[in-house]
Amino acid sequence: MLPDQKEIFFHHALKIQEEVCIGCTHCMSVCPTRAIRVIKGKASLIANRCIDCGECYRVCPVSAITVEQDDFESIFNYKARVALLPGVLTGQFPGKVSAGQVYAALYKTGFTHVYEVENTVGFVLEGYAREKESNPVLPLISSFCPAVIRLIQVRYPSLVKNIIHVKPPMDISAMYYREKLKSGGYSEQDTGIFYITPCAAKIAAVKSPVGDGKSPVTGVINMKYLFNRINRELAVTGEMEDVELNQELLSREGILWSLTNGEITNMKGRVLAIDGIHHVSEFLDKLENEELEPVDFLELRACDQSCAGGILLSGNRFLTVDRMKKRALSYPPIANKSLYLKNAPKEDTLEEIPPRSIDKLDEDTTVALEKMDRKTRLLSSLPGFDCKVCGAPDCSTLAEDIVQGNAEISRCIFVQLNRMNNNEMSVDDSLSINTMIWGKEWLTEGGNNNDIKNENK
C-alpha cells in the first residue's frame, strides 16, 4: 500500500492511466525522488514525492503517463486572451518560419495578444542583483525551474534557503503584461493570461505555486498541442504574413535565458550551470555534503538543454537551441537598466519556500533514530540487487517503506525463497504476496501462455 498522505503538498500535472499501464517499472527506475511503486501490476504515485520532472513520461513505452492541461476553449472566457509565449516555441520551427508568422498563427487560433515571456528578463536580473546584495547565503540557486525547486524542497530541504527569492520570468511577464492591459482599459476579470508550457513542472507551478501564493497566470496550454495547431494554420494559409512583434523589452539575454547557460552568462563570480534532473541531483548531493569549492551562483535545470528539452516540445532540442542562438544575434544586449528599474513589477519576490522533506523518518528525533537503526539492519538482510520485484525501486526504498509501516520484508523475492527453503513460507503464500504486487494476470494467466509453455519444452 502507498503511504497515507492526509495533506497533499503539490498539485501534479503528470497522471498515470492505470488502464494503460503494463507495470514495466521503467518509470519507477528513473524517478529521482523514488515517488513510484508498483501495486497490482500498475505504477502508483506517491504525491508528496513527485516533482513533475517528466522523466517517467519520457520512458513510458505505452504512453500510460499523460500531462494535464487546461481546455484550450477556456481562453474564450476572456475578452483579452494572452498567449504567454516562451521562446522555445518559435525555436522549434525551421528558419523559413519567422517569429512574426508564429504570432500570426496564434492570433488565428483565437488569442488577441501575444507576449514573449523573455521580455522581462531585465526585471529578473535586477531582482537577482538586489538579492545578491541582501542574501549572504552562497551559492544562490536559480528560481527558474519549478521541478528543481520541488526537488530541493523534498530531497535537499537544508538548501531551500539558497533559492533566490525572485519570481521567474513566467510570473513577472504575466504580472507586467496584466498591468499593461489594465492601463489599456481591460479589467482584471476580462484578462486571461495563458502560458504555453514546455513541461509538466510549469503546469504544476501555476496550479500550486511555491509558497502557496496565487499565480498571476490564468491557465496553461500544452506546447505540443499548440505547436500542432500552428503547423495546421501555416499549412492552410501557406506563407503567412508577418505581424508586428510585441517585444519592446526583448533582448539577446532574454532570448537565451531559458537555455542552458542562459542565466550564468549574466552573473559574476564562480557560476555553474547543470542540466538534466539526475545530474542536478548528483550535484546537489555534493553541495549538501560540502564536497564543493565555493560557488556564487547555480543555474539548475531539470531537462537536458533546459527548456529546449522539455517533454512537451515536438522539435529536436539541439536544433531548437541552434535556432534560438541565431535569433538572439539580431537583438541588442540589455543596456538601459534604468528602464527595468522604473517599470519593474512591485511584487517580484517569491514567498517563503517551505521544506517538504521526504527523507525524514519521523518528527520525533528519538523515533527517527530508532527507525534509521532498523532500516540499517533491514538492509543487511536484503540482497542489494535492486531488482524491483518487490514493487519498490531499490532495496533501500523497500527498507524505508517497511520501517514506515507501508510494506513488509516478505515482499522481497529472495526473502521469500529463503523462507520457502526453510519451510517458513508456502508457495501459495509467496504467490499471494507477488499477486498483490504484480497482479493476478501476470502471475497466473501469463504463466499459462502457450508460447511460454513451448519455450520450456
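In terms of the numbering used here, the sequence shown opens at residue 1 and continues consecutively. Ideal Cβ placement from N, Cα and C applies to all residues, glycine included. In this text the structure is predicted, and so the values were computed from the model without any measurement.
* To the nearest whole angstrom, what separates the beta carbons of N162 and I149, a pair I think is in contact under 8 angstroms? -> Locating residue 162 in the sequence shown gives position 162, counting from the first residue. Locating residue 149 in the sequence shown gives position 149, counting from the first residue. Not a contact, Cβ separation roughly 11 angstroms.
Our contact map puts S461 next to Y176 with C-beta atoms below 8 angstroms; I'd like the distance itself, whole angstroms only. With the chain covering 1 to 457 only, the question about residue 461 has no answer from this structure.
Curious, which full-length alpha helix (DSSP H) runs of at least 4 residues does the region 370-444 contain? 395-403, 413-421 and 427-438
Self-check item: Alpha-carbon spacing of N422 relative to Q416, whole angstroms
Solution: Here residue 422 refers to the residue found at position 422 of the sequence shown. Here residue 416 refers to the residue found at position 416 of the sequence shown. Their backbone Cα atoms lie some 10 angstroms apart in a straight line.
Checklist entry - For N222, which beta-bridge partners are listed by DSSP? => result Locating residue 222 in the sequence shown gives position 222, counting from the first residue. Beta-bridge pairing links N222 to T197.
Could you name the residues of the same chain whose beta carbon sits closer than 6 angstroms to that of V210, not counting the 5 residues immediately before and after it, in chain order? Within the sequence shown, numbered from 1, the residue matching residue 210 stands at position 210. Excluding residues within five positions, the ones whose Cβ falls inside 6 angstroms are I149 and I353.
query = Short check: CB of V82 to CB of Y115, under 8 angstroms?
reply = Taking the first residue of the sequence shown as position 1, residue 82 is located at position 82. Taking the first residue of the sequence shown as position 1, residue 115 is located at position 115. Against a cut-off of 8 angstroms, the Cβ pair of Y115 and V82 comes out as a contact.
Would you report the Cα separation of E351 and C27, rounded to the nearest angstrom? Here residue 351 refers to the residue found at position 351 of the sequence shown. Here residue 27 refers to the residue found at position 27 of the sequence shown. Approximately 32 angstroms, taken between the alpha carbons.
What's the gap between the Cα of E19 and the Cα of G110?
-> Within the sequence shown, numbered from 1, the residue matching residue 19 stands at position 19. Within the sequence shown, numbered from 1, the residue matching residue 110 stands at position 110. For E19 and G110, the distance between alpha carbons rounds to 35 angstroms.
CB-CB under 7 angstroms to S357, same chain, minus the five flanking residues each way: which ones, in chain order?
Position 357 of the sequence shown, counting from 1, holds the residue named residue 357. Cβ within range, chain order: V154 and P157.
- prompt: Rounded to whole angstroms, how far is the Cβ of A399 from the Cβ of K375, which I believe are closer than 8 angstroms?
  reply: On the sequence shown, residue 399 is found 399 positions in, with the first residue counted as 1. On the sequence shown, residue 375 is found 375 positions in, with the first residue counted as 1. Contact flag correct, Cβ pair sits at about 5 angstroms.
> For C53, which option in V117, F93, D322 and G276 has the closest C-alpha, if you only look at C-alpha atoms?
Replying inline: Walking along the sequence shown from the start, residue 53 turns up at place 53. Answer by Cα proximity: G276.
Check: With F297 and V271 assumed to form a contact (beta carbons below 8 angstroms), what rounded beta-carbon distance in angstroms separates them?
Finding: By one-based count along the sequence shown, residue 297 stands at place 297. By one-based count along the sequence shown, residue 271 stands at place 271. Right, the Cβ-Cβ distance comes to about 4 angstroms (below 8 angstroms), so this counts as a contact.
Reduced DSSP secondary structure (H/G/I, E/B, other) of Y78: By one-based count along the sequence shown, residue 78 stands at place 78. Coil at Y78, not helix or strand.
Original post:
Going by other Cβ atoms of all chains shown within 10 Å of its Cβ, with 16 needed for buried, is L329 buried or exposed?
Top reply: As a working mapping, residue 329 is identified with position 329 in the sequence shown. Per the 10 Å Cβ criterion, exposed.
Along the alpha helix (DSSP H) that carries D171, what are the first and last residues, could you check?
To locate residue 171, count along the sequence shown from 1; it is residue 171. Where D171 is concerned, the enclosing alpha helix (DSSP H) stretches over P169 to S183.
Note to self: Tell me the rounded alpha-carbon separation between V389 and D285.
What the structure shows: Mapped onto the sequence shown, residue 389 falls at position 389. Mapped onto the sequence shown, residue 285 falls at position 285. Rounded to whole angstroms, V389 to D285 spans 27 angstroms at the Cα level.
Note to self: Assuming F318 is part of the alpha helix (DSSP H), what are its boundary residues?
What the structure shows: Here residue 318 refers to the residue found at position 318 of the sequence shown. From DSSP, the alpha helix (DSSP H) with F318 extends over R317 to A328.
Determine the burial state of D364: buried for a count of at least 16 other Cβ atoms within 10 Å of its Cβ, exposed for fewer.
Within the sequence shown, residue 364 is the residue found at index 364, counting from 1. Under this definition D364 is an exposed residue.
Checklist line | Neighbourhood of G262 by C-beta distance below 6 angstroms, restricted to the same chain and skipping five residues each side | finding: Reading the sequence shown from its first residue, position 262 is the one you call residue 262. The residues are L256.
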